[in-house]
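Q: Residue numbering for the sequence shown follows the working numbering, beginning at 30 and increasing consecutively.
Idealized CB from N, CA, C, for every residue including glycine.
Structure in C-alpha cells, see below.
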Amino acid sequence: MKLSLSERLSGYRRPRTVRTLREGPVLRVELDRPESGNAVNEEMLDDLLAILTAPDPEVRVLVLSAAGDDFSLGGDRNEFADWLEEDQEGRGIRIAGDKARRVCELLSTSRIVTIARVQGKAIGAGMALALACDLRVGAETASFRLPELALGLPTAWGGMLPRLIHELGAARTREIILTGRPIGAAEAYELSVLQRVVPEDELDAAVTAWAKPVARRPESAVRITKALLNSYMAANRMADPAVLDSELMAAVAAASRRARDARESAAGAAPVR
C-alpha cells in the first residue's frame, strides 16, 4: 500500500514491520520483512521510532535482530523510486532521511544499551542500523557493504559517515566507501564494525552473554556512563554534518532523476536516420 505525501506528513500508521519480544529487562526487536531482505522502508522507520522514542522504563537492553537470511539489504529502492515519482524535488526522501537519522541517534544515545545481532548481509542502511548500536556481534558468514556511490547516491543515511570515521578511522572509511567492496566478518571485527564474531548458531548465546551482565548493572550508572561515552566521542568532532544527510540524499537523487529524464527526452526527440 503506497502512501501519499500528505498521509505521511499526517502521521498515518500502517501495519508493523518489526516484531518485539520482552524478556524481563531485555527487549528484542526483530526487523520483519524477510521477503524483501529486510529492506528498510519508511514504515519500518516509523515502527522503530515508536519503540525507541518512549521505551518501557524497565527495559535495560535492546537487541536489534532480523528475520530471514539477511540482517538488511539496505533501503527499499522501490519506495525510493516512488518518492521521486511523486515529488521530483525529493521532499519524500528528506522526510524519510530525517526519520533514519533519528532512529540511528536513538539507538546510539538512548539510556538503553543496544546490541546488534547480525547474520547474512548488512548493506547500506542495514549497516548503518547495526553500526548505531553500542555492541555488535555477527555470524562468521556475515558481511557488510556500502554500495551508495555505485547507485549514484552519497553515503548519507542515518548519520552513518561520522560514525564510520569515528569507529574505523578516516583512511579505512574512505577506501570502503569509494570501492564499495564487501567486508567479511573477520575484517569487520578487525575494523571494529563488529566486536565479536561467532558461528551463526551461537549468535543468541553471544547476545545473552552481553545482555545479562549489562541488565544487572545499576541503571543510573549505565545511563550516565553511556552518556559520558557519547559526550567524549562527540567532543572529538569539530562538527557533525549528519543533520544534512536527508538534504544531501534528496538533492543528489533529484538531480540524478532530472538528468535521466533529460537524457530520455533527448533520445526520444532525436530524429530517426
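Which residue's Cα is closest to the Cα of Arg246: Thr49, Ala96, Val90 and His195?
A: In the sequence shown, residue 246 corresponds to position 217, counting from 1. Nearest option by C-alpha distance: Val90.
Q: Just grab the DSSP bridge partners of Ile144 for me.
A: Reading the sequence shown from its first residue, position 115 is the one you call residue 144. DSSP output for Ile144 lists Val92 and Leu164 as bridge partner(s).
Q: Spell out the partners DSSP gives Val47 in its beta bridges.
A: In the sequence shown, counting from the first residue as 1, residue 47 sits at position 18. According to DSSP, which records beta bridges pairwise, Val47 is partnered with Leu60.
Q: Are the CB atoms of Val47 and Leu60 within a distance shorter than 8 Å?
A: In the sequence shown, counting from the first residue as 1, residue 60 sits at position 31. In the sequence shown, counting from the first residue as 1, residue 47 sits at position 18. The answer is yes: Cβ separation under 8 Å.
Q: Using DSSP with H/G/I as helix, E/B as strand and the rest coil, what is Ser260?
A: Position 231 of the sequence shown holds residue 260. It is helical.
Q: Once the 5 residues before and after Leu50 are set aside, which same chain residues still bring their CB inside 6 Å of it?
A: To locate residue 50, count along the sequence shown from 1; it is residue 21. Contacts found: Arg57.
Q: Would you list the residues sitting across from Glu52 in a DSSP beta bridge?
A: The residue given as residue 52 occupies position 23 in the sequence shown. Beta-bridge pairing links Glu52 to Val55.
Q: Given a threshold of 16 other Cβ atoms within 10 Å of its Cβ, counted over all protein chains shown, does Ile141 qualify as buried or as exposed?
A: In the sequence shown, residue 141 corresponds to position 112, counting from 1. That one is buried.
Q: For Ala145 versus Ala129, is the C-beta distance shorter than 8 Å?
A: Against the sequence shown, residue 145 aligns to sequence position 116. Against the sequence shown, residue 129 aligns to sequence position 100. Against a cut-off of 8 Å, the Cβ pair of Ala129 and Ala145 comes out as no contact.
Q: On a Cα-Cα basis, can you pick out the residue from Glu114, Ala200, Glu231 and Ser172 that is closest to Pro211?
A: Along the sequence shown, read from residue 1 onward, the residue named residue 211 stands at position 182. Nearest of Glu114, Ala200, Glu231 and Ser172 to Pro211, Cα basis: Ser172.
Q: Leaving out the 5 sequence neighbours to the left and right, which residues in its chain are closer than 6 Å to Pro228 when beta-carbon positions are compared?
A: Residue 228 sits at position 199 when you count from the first residue of the sequence shown. Within the same chain, Pro228 has close Cβ partners Glu169.
Q: Report back the beta-carbon spacing between Leu136 and Leu81 to the nearest angstrom; my notes put them in contact at under 8 Å.
A: Taking the sequence shown and counting its residues from 1, the one referred to as residue 136 is at position 107. Taking the sequence shown and counting its residues from 1, the one referred to as residue 81 is at position 52. Indeed they touch by this definition, with Cβ atoms about 7 Å apart.
Q: Can you give the Cα-Cα distance for Val88 and Pro54, rounded to whole angstroms?
A: Locating residue 88 in the sequence shown gives position 59, counting from the first residue. Locating residue 54 in the sequence shown gives position 25, counting from the first residue. Answer to the nearest angstrom: the Cα atoms are 4 Å apart.
Q: Under 8 Å between the Cβ atoms of Ala13 and Val92?
A: The structure shown does not extend to residue 13, since the chain spans only 30 to 302, so no value can be given for it.
Q: Assign Thr208 to buried or exposed, taking buried as 16 or more other Cβ atoms, counted over all protein chains shown, within 10 Å of its Cβ.
A: Your numbering for residue 208 matches position 179 in the sequence shown. Exposed is the call here.
Q: From this set, Arg165, Met73 and Pro86, which residue's C-alpha is nearest Tyr218's C-alpha?
A: Start at 1 with the first residue of the sequence shown, and residue 218 comes out as number 189. Tyr218 has its Cα closest to that of Arg165, out of Arg165, Met73 and Pro86.
Q: Rank Pro86, Glu64 and Asp75 by C-alpha distance to the C-alpha of Ala1 and give the top, closest one.
A: The chain is shown only over 30 to 302; residue 1 falls outside these bounds and no answer can be derived.
Q: Could you pull out every unbroken beta strand (DSSP E) segment of at least 3 residues lying fully inside the region 186-227, listed in chain order?
A: Taking only runs of at least 3 residues, the beta strand (DSSP E) segments lying wholly in the region 186-227 are 225-227.
Q: Relative to the C-alpha of Asn259, which candidate in Glu108, Gly153 and His195 has its C-alpha closest?
A: Taking the sequence shown and counting its residues from 1, the one referred to as residue 259 is at position 230. Looking at the Cα atoms, His195 is the closest of the given residues.
Q: Taking only the alpha-carbon atoms, compute the straight-line gap between Glu71 and Ala125 and give it to the nearest angstrom.
A: Reading the sequence shown from its first residue, position 42 is the one you call residue 71. Reading the sequence shown from its first residue, position 96 is the one you call residue 125. Cα-Cα distance, rounded: 6 Å.
Q: Considering only their Cβ atoms, is the gap separating Ala214 from Leu223 smaller than 8 Å?
A: Position 194 of the sequence shown, counted from the first residue, corresponds to residue 223. Position 185 of the sequence shown, counted from the first residue, corresponds to residue 214. In this structure, Ala214 lies closer than 8 Å to Leu223 by Cβ.
Q: Take Val243 and list the residues in its own chain whose beta-carbon comes closer than 6 Å to its own, dropping the five residues that flank it on each side.
A: Locating residue 243 in the sequence shown gives position 214, counting from the first residue. Answer for Val243: Val90 and Val142, listed in chain order.
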